[in-house]
Amino acid sequence: MRAVLACLAGASGPVWGLLVVRETGRPTGTVYPLLDRLERAGMLESHWDESPRPGARRRLYRLTPEGRQVARQVQRDAAEQAVGERDAAKGLGRPGPGLSGAGA
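For reference, each letter of the sequence shown is one residue, going 1 to 104 in UniProt numbering.
Below you can see the structure in the form of structure tokens.
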């Protein structure tokens, strides 16, 4: 879900499903059900692209204000997790139980 929300949050306008698939590298069987769930949850809105162009019509998606807020929080959480993982890999994380140095 993080990659899909990041794709939508980073877009300058509405995006179509296959663009989300291409940008995230996730399969269509993952992206489209997720877009549907996000829309039902009120985080996305969608409409059919009515512009004259050859080929199949595209369903365009954009984050609602609530969805944009959730996307920002998900991105913040991911950034904090990445920093924590990096610090843990460098041995900079919080000491675990019994490792505080007390009584050593």
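A virtual CB, placed ideally from N, CA and C, is assigned to each residue, including glycine.
I'd like the list of long-range same chain contacts for residue i, defined as Cβ closer than 8 Å, with 5 residues on each side in sequence excluded.
i: arginine 72; result: Ala9
i: arginine 59; result: Trp16, Gly17, Ser46, His47, Trp48 and Asp49
Assign residue i to buried or exposed, taking buried as 16 or more other Cβ atoms, counted over all protein chains shown, within 10 Å of its Cβ.
i: valine 83; result: exposed
i: tyrosine 61; result: buried
i: methionine 43; result: buried
i: glycine 55; result: exposed
i: glycine 29; result: exposed
i: glycine 91; result: exposed
i: cysteine 7; result: buried
Grouping DSSP H, G and I as helix and E and B as strand, with all else coil, what is residue i?
i: residue 117; result: Since the first and last residues shown for the chain are 1 and 104, residue 117 lies out of range.
Spatial neighbours of residue i within its chain, please: C-beta separation below 7 Å, excluding the five flanking residues on both sides.
i: arginine 57; result: Trp48 and Asp49
Spatial neighbours of residue i within its chain, please: CB distance less than 6 Å, with the 5 preceding and 5 following residues excluded, ordered by chain position.
i: alanine 3; result: Thr24
(request) Report yes or no: do the stretch 15-34 and the stretch 75-91 share at least 3 C-beta pairs separated by less than 8 Å? (result) no
(request) Any chance you could list the beta strand (DSSP E) runs of at least 3 consecutive residues sitting entirely within the stretch 8-87, in chain order? (result) 44-48 and 59-63
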